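Notes follow once the structure below has been shown.
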DNA sequence: CTGAAAGCGCTAACAC
DNA sequence: GTGTTAGCGCTTTCAG
């Protein structure tokens with residue numbers, strides 16, 4: 001590793017002179033300046049960030065971003081939003097926890113240990129105690145989960161309202177036996193979406209039926225197939241996310257039912273690529289993920305700078321209607 | 001910021017004793033050990049990474065990963081592969097360049113400046129000179145592009161072979177007028193895929209027709225619509241990636257042609273979610289992205305440790321046949 | 001066991 | 001203009 005000292009030795013000057021030249025500060029004779037620059041280049045000098053950060057000013061801001069699954073476009077967008085705001089001056093360390101809570105915990109600790117100035121957590125299943133503990137040291141932004149701790153900001157989508165919108169829409173399009181394919185109960189968003197679904201059903205005097213499923217296509221497919229085979233009366237499906245909805249659609253097709261004529265389907269997340277490409281295209285509740293990511297980053301920077309104003313952000317979902325909930329055809 | 005010194009002062013011991021306790025090295029009396037731990041906790045001590053990296057040993061390994069689009073599952077998988085291998089002891093700094101070559105260049109320089117021990121570049125459009133320059137300082141791994149520089153390792157998919165397989169498959173299923181919807185020419189992978197397509201066509205005595213399109217669904221849709229309207233004779237489409245293929249399929253459906261009976265379609269990348277969900281499901285050339293990411297990380301670690309053996313990896317693609325290339329129905 | 005002291009690479013006062 | 005020097009926070013000998 002080439003250091004200032006090496007350059008100084010070869011160029012026959014002092015370390016501080018080299019430092020001055022390389023940082024363009026203070027005044028140095030043109031001759032030495034040129035020579036120093038030359039030597040530095042030849043030696044392939046690369047300044048040492050750590051040393052630099054040690055001394056006075058310069059400090060580079062580091063924020064950690066922990067997400068459960070980087071291969072999922074949803075989190076990809078979140079990540080992009082964060083990076084967009086952070087630009088090139090803030091160091092963002094993105095870590096995929098592979099949906100492994102233990103790894104997630106280790107990783108968060110590591111980030112703290114590495115000297116991150118703040119951590120953004122994109123997984124609502126995160127351990128509360130951990131959040132509390134970490135927030136004693138550095139600010140934390142959490143998605144899709146409410147916290148009342150000092151030094152923690154929540155950014156949530158109004159999940160329950162989104163579910164309410166989707167369910168109401170199905171009912172208004174003529175579907176009455178609307179079921180809900182839900183996630184697992186530990187997950188805050190699952191709970192909220194379920195709540196919204198139930199509220200809409202009750203409001204219309206219908207009785208809610210909830211089936212916990214999970215989060216991927218396969219799970220949605222299997223559960224839906226089982227339900228159809230069992231003879232359960234179903235003409236509408238509100239699903240906890242798009243993947244599960246697509247799985248359900250596959251099962252419905254296989255079973256010989258038509259979408260949307262026989263059964264209407266609405267998903268959640270509005271992953272545009274998936275929703276548009278499906279046929280029929282899938283109606284879904286849209287959440288402005290990238291924007292939420294941007295907000296997270298902004299809030300984080302504000303917290304670090306001590307200029308935080310808002311402590312909680314509740315984003316509003318919006319229903320995107322496509323073919324899969326086009327309306328029931330009533331048999332006369 | 002709490003430092004070792006603060007802890008030492010309050011606990012009435014020396015800095016080095018504190019350091020020993022916090023790192024579990026050397027031997028310290030149980031009494032002091034407990035007290036120090038206690039004080040550290042109360043004060044909310046967080047070690048300073050930079051200071052730590054300054055002194056002799058400890059150094060934490062840092063590798064930079066630069067990719068063009070983190071919202072794309074393809075790069076998500078790549079990222080995951082890298083992170084999987086790096087585990088929790090190697091710091092991976094992932095940066096999305098937003099497909100902006102200038103930003104990419106700045107980011108790579110930044111990473112070097114930040115003291116990264118190596119950089120993995122997931123974009124084959126990267127500037128050659130930059131790669132050459134950076135590789136003077138630290139090892140570089142590049143995807144989908146050949147390099148002969150010292151200190152640079154290439155990891156490529158045999159794109160041309162993949163394209164060859166796909167095209168040959170279409171021809172053997174009875175499609176004769178197979179066109180290629182290609183990418184832009186600056187991109188190494190586009191060139192290679194085009195080559196493979198042309199080779200397969202010529203081998204069967206057919207004349208290749210290549211249309212440069214781009215990389216997203218919309219582009220594929222528009223081009224295909226134009227071609228169909230123009231009356232061009234087409235019964236097969238080999239597309240440079242899955243998205244373009246899906247766009248083409250949309251255009252074909254709209255035009256009233258059947259897939260695969262009238263026109264067969266094959267994509268590239270085998271994004272499973274997309275391919276499976278499309279209807280008909282899309283045949284595609286699979287590349288083992290995640291595995292390639294893992295390899296990149298392993299190679300990088302080897303380079304850093306000076307134990308590199310293989311300088312170039314050429315991964316083999318594999319054709320996944322689904323409904324979209326099921327075979328042409330010949331009119332009698 | 002414990003602590004004093006050196007040094008990692010760099011910056012910024014402050015002399016000369 | 002230029003060099004000397006004092007840290008930044010931490011680890012690690014090496015005496016005591």
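Residue numbers (this note's numbering), protein chains in the order written: chain A, 1 to 332; chain B, 1 to 332. The beta carbon of each residue, even a glycine, is placed where N, CA and C say it ideally should be. Keep in mind the model is a prediction, meaning the values are calculated, not measured.
Worksheet item: Should residue 278 of chain B be flagged as near chain A, meaning a C-beta pair shorter than 8 angstroms?
Response: As a first step, residue 278 of chain B is located in the second chain; it is residue number 278 there, counting from the start. Residue 278 of chain B counts as touching chain A.
Discussion item. Tell me which residues of the stretch 98-114 of chain A have at least one Cβ-Cβ distance to chain B shorter than 8 angstroms, keeping chain order.
Written reply: 98, 103, 106, 107, 110, 112, 113 and 114
Discussion item. Do residue 76 of chain A and residue 76 of chain B have their beta-carbon atoms positioned less than 8 angstroms apart in this structure?
Written reply: By 1-based counting over the second chain, the position of residue 76 of chain B is 76. By 1-based counting over the first chain, the position of residue 76 of chain A is 76. Yes. Within cutoff.
Fill in: Separation of residue 111 of chain A from residue 48 of chain B, as counted between CA atoms
Mapped onto the second chain, residue 48 of chain B falls at position 48. Mapped onto the first chain, residue 111 of chain A falls at position 111. If you draw a straight line from the Cα of residue 48 of chain B to the Cα of residue 111 of chain A, it comes to about 11 angstroms.
Worksheet item: First and last residue of the alpha helix (DSSP H) that includes residue 49 of chain B?
Response: Locating residue 49 of chain B in the second chain gives position 49, counting from the first residue. Start and end: 49-54.
Worksheet item: From which residue to which residue does the beta strand (DSSP E) around residue 236 of chain B run?
Response: In the second chain, the residue the question calls residue 236 of chain B occupies position 236. 236-239 is the span of the beta strand (DSSP E), which, as asked, contains residue 236 of chain B.
Item to complete: Have a look at residue 264 of chain B and residue 306 of chain A and give me their C-alpha separation to the nearest angstrom.
Response: Mapped onto the second chain, residue 264 of chain B falls at position 264. Mapped onto the first chain, residue 306 of chain A falls at position 306. For residue 264 of chain B and residue 306 of chain A, the distance between alpha carbons rounds to 60 angstroms.
Practice prompt. Just mark residue 145 of chain A as buried or exposed, buried being the case when its beta carbon has 16 or more other beta carbons within 10 Å.
Written response: Looking up residue 145 of chain A in the first chain gives position 145. It counts as buried.
Item to complete: Report the partner residues of residue 179 of chain B according to the DSSP bridge assignment.
Response: For the purposes of this step, residue 179 of chain B is identified with residue 179 of the second chain, where counting begins at 1. Per DSSP, the beta bridge partners of residue 179 of chain B are B:209 and B:237.
Worksheet item: Using the beta-carbon of each residue, which ones in chain A are nearer than 9 angstroms to residue 77 of chain B?
Response: The sequence position of residue 77 of chain B within the second chain is 77, counting from 1. Those within 9 angstroms of residue 77 of chain B in chain A are 70 and 71.
Discussion item. When you compare the CB of residue 221 of chain B with every CB in chain A, is at least one pair closer than 8 angstroms?
Written reply: Position 221 of the second chain, counting from 1, holds the residue named residue 221 of chain B. Closer than 8 angstroms: no.
Worksheet item: If you compare alpha carbons, which of A:15, A:141 and A:42 is closest to residue 294 of chain A?
Response: Within the first chain, residue 294 of chain A is the residue found at index 294, counting from 1. It is A:141.
Fill in: CB contact flag (residue 298 of chain B, residue 85 of chain B, <8 angstroms)
Your numbering for residue 298 of chain B matches position 298 in the second chain. Your numbering for residue 85 of chain B matches position 85 in the second chain. Going by C-beta atoms, residue 298 of chain B is nearer than 8 angstroms to residue 85 of chain B.
Discussion item. Give me the residue from A:296, A:319 and A:2 with the minimum Cα distance to residue 283 of chain A.
Written reply: Taking the first chain and counting its residues from 1, one reaches residue 283 of chain A at position 283. Among A:296, A:319 and A:2, the Cα nearest to that of residue 283 of chain A belongs to A:319.
Discussion item. Quick check on DSSP: helix, strand or coil for residue 318 of chain B?
Written reply: Indexing the second chain from 1 puts residue 318 of chain B at position 318. Correct three-state label for residue 318 of chain B: strand.
Fill in: Length of the line joining the Cα atoms of residue 288 of chain B and residue 315 of chain B
Residue mapping note: residue 288 of chain B aligns to position 288 of the second chain, counting from 1. Residue mapping note: residue 315 of chain B aligns to position 315 of the second chain, counting from 1. Taking the straight line joining both Cα atoms gives about 8 angstroms.
Discussion item. Counting only beta-carbon separations shorter than 8 angstroms, does residue 51 of chain A have a partner in chain B?
Written reply: Taking the first residue of the first chain as position 1, residue 51 of chain A is located at position 51. True, the Cβ-Cβ gap to chain B drops below 8 angstroms.
Discussion item. Per the DSSP calculation, residue 312 of chain B is bridged to which residue(s)?
Written reply: In the second chain, the residue the question calls residue 312 of chain B occupies position 312. Residue 312 of chain B is bridged to B:154.
Discussion item. Quick check on this structure: which residue in B:92, B:101, B:118 and B:114 has the alpha carbon closest to the alpha carbon of residue 107 of chain A?
Written reply: For the purposes of this step, residue 107 of chain A is taken as the residue at position 107 of the first chain. Cα-wise, what sits closest to residue 107 of chain A is B:92.
Worksheet item: Across which residues does DSSP place residue 63 of chain B in a beta bridge pair?
Response: Stepping through the second chain from its first residue, residue 63 of chain B is reached at position 63. B:92 and B:118.
Worksheet entry | Interface residues of chain A facing residue 80 of chain B [CB-CB closer than 9 angstroms] | By 1-based counting over the second chain, the position of residue 80 of chain B is 80. The answer, in chain order, is 69, 70, 71, 96 and 98.
Worksheet item: Would the beta-carbon of residue 178 of chain A fall within 8 angstroms of that of residue 118 of chain A?
Response: Position 178 of the first chain holds residue 178 of chain A. Position 118 of the first chain holds residue 118 of chain A. No.
Practice prompt. Find out if the Cβ-Cβ distance for the pair residue 277 of chain B, residue 278 of chain A is shorter than 8 angstroms.
Written response: The residue labelled residue 277 of chain B in the question sits at position 277 within the second chain. The residue labelled residue 278 of chain A in the question sits at position 278 within the first chain. Yes. Within cutoff.
Discussion item. Going by the DSSP bridge assignment, what does residue 267 of chain A pair with across the sheet?
Written reply: Numbered from its first residue, the first chain carries residue 267 of chain A at position 267. In DSSP, residue 267 of chain A forms a bridge with A:284.
Worksheet item: Whose C-beta lies closer than 8 angstroms to the C-beta of residue 187 of chain A among residues of the same chain, with five residues either side of it excluded?
Response: For the purposes of this step, residue 187 of chain A is taken as residue 187 along the first chain, with counting starting at 1. Result list for residue 187 of chain A: 124 and 125, in chain order.
Discussion item. So, at 8 angstroms on beta carbons, what are the nonlocal neighbours of residue 136 of chain B in its own chain, with the 5 sequence-adjacent residues on each side left out?
Written reply: The count along the second chain starts at 1 and reaches residue 136 of chain B at position 136. Cβ within range, chain order: 151.
Worksheet item: So, helix, strand or coil for residue 143 of chain B, using DSSP?
Response: For the purposes of this step, residue 143 of chain B is identified with residue 143 of the second chain, where counting begins at 1. Reduced to three states, the DSSP call for residue 143 of chain B is strand.
Discussion item. Looking only at its chain, what residues have a beta carbon closer than 8 angstroms to the beta carbon of residue 17 of chain B, apart from the 5 residues adjacent to it on each side?
Written reply: Taking the second chain and counting its residues from 1, one reaches residue 17 of chain B at position 17. Non-local C-beta neighbours of residue 17 of chain B in its own chain, meaning closer than 8 angstroms and more than five positions away in sequence, comprise 8, 28, 32 and 36, ordered along the chain.
Discussion item. For the alpha helix (DSSP H) containing residue 75 of chain B, name the first residue and the last one.
Written reply: Locating residue 75 of chain B in the second chain gives position 75, where the first residue counts as 1. Start and end: 73-86.
Discussion item. Once DSSP output is grouped into helix, strand and coil, what is the label at residue 36 of chain B?
Written reply: One-based indexing of the second chain puts residue 36 of chain B at position 36. Helix.
Discussion item. Do residue 167 of chain A and residue 238 of chain A have their beta-carbon atoms positioned less than 8 angstroms apart in this structure?
Written reply: For this step, residue 238 of chain A is matched to residue 238 along the first chain. For this step, residue 167 of chain A is matched to residue 167 along the first chain. Contact flag set, yes.
Worksheet entry | Partners in chain B for residue 48 of chain A, counting only beta-carbon separations shorter than 9 angstroms | The sequence position of residue 48 of chain A within the first chain is 48, counting from 1. Within chain B, the residues near residue 48 of chain A are 53, 54 and 115.
Item to complete: Quick one: give me the first and last residue of the alpha helix (DSSP H) that residue 196 of chain B is part of.
Response: What you label residue 196 of chain B is simply residue 196 of the second chain in a count that begins at 1. Looking at the DSSP string, the run of the alpha helix (DSSP H) that includes residue 196 of chain B is 188-203.
Discussion item. Can you tell me whether residue 83 of chain A is buried or exposed? The criterion is at least 16 other CB atoms within 10 Å of its CB, across all chains shown.
Written reply: Working through the first chain from its first residue, we reach residue 83 of chain A at position 83. Label assigned to residue 83 of chain A: buried.
Discussion item. Give me the chain B residues within the contact set of residue 93 of chain A, using Cβ-Cβ distance strictly less than 9 angstroms, ordered along the chain.
Written reply: On the first chain, position 93 is the one that residue 93 of chain A refers to. The answer, in chain order, is 91, 92, 93 and 94.
Worksheet item: If we call anything under 8 angstroms between Cβ atoms a contact, is residue 116 of chain A one with residue 62 of chain A?
Response: Translated into positions along the first chain, residue 116 of chain A becomes position 116. Translated into positions along the first chain, residue 62 of chain A becomes position 62. The Cβ-Cβ distance between residue 116 of chain A and residue 62 of chain A falls below 8 angstroms.
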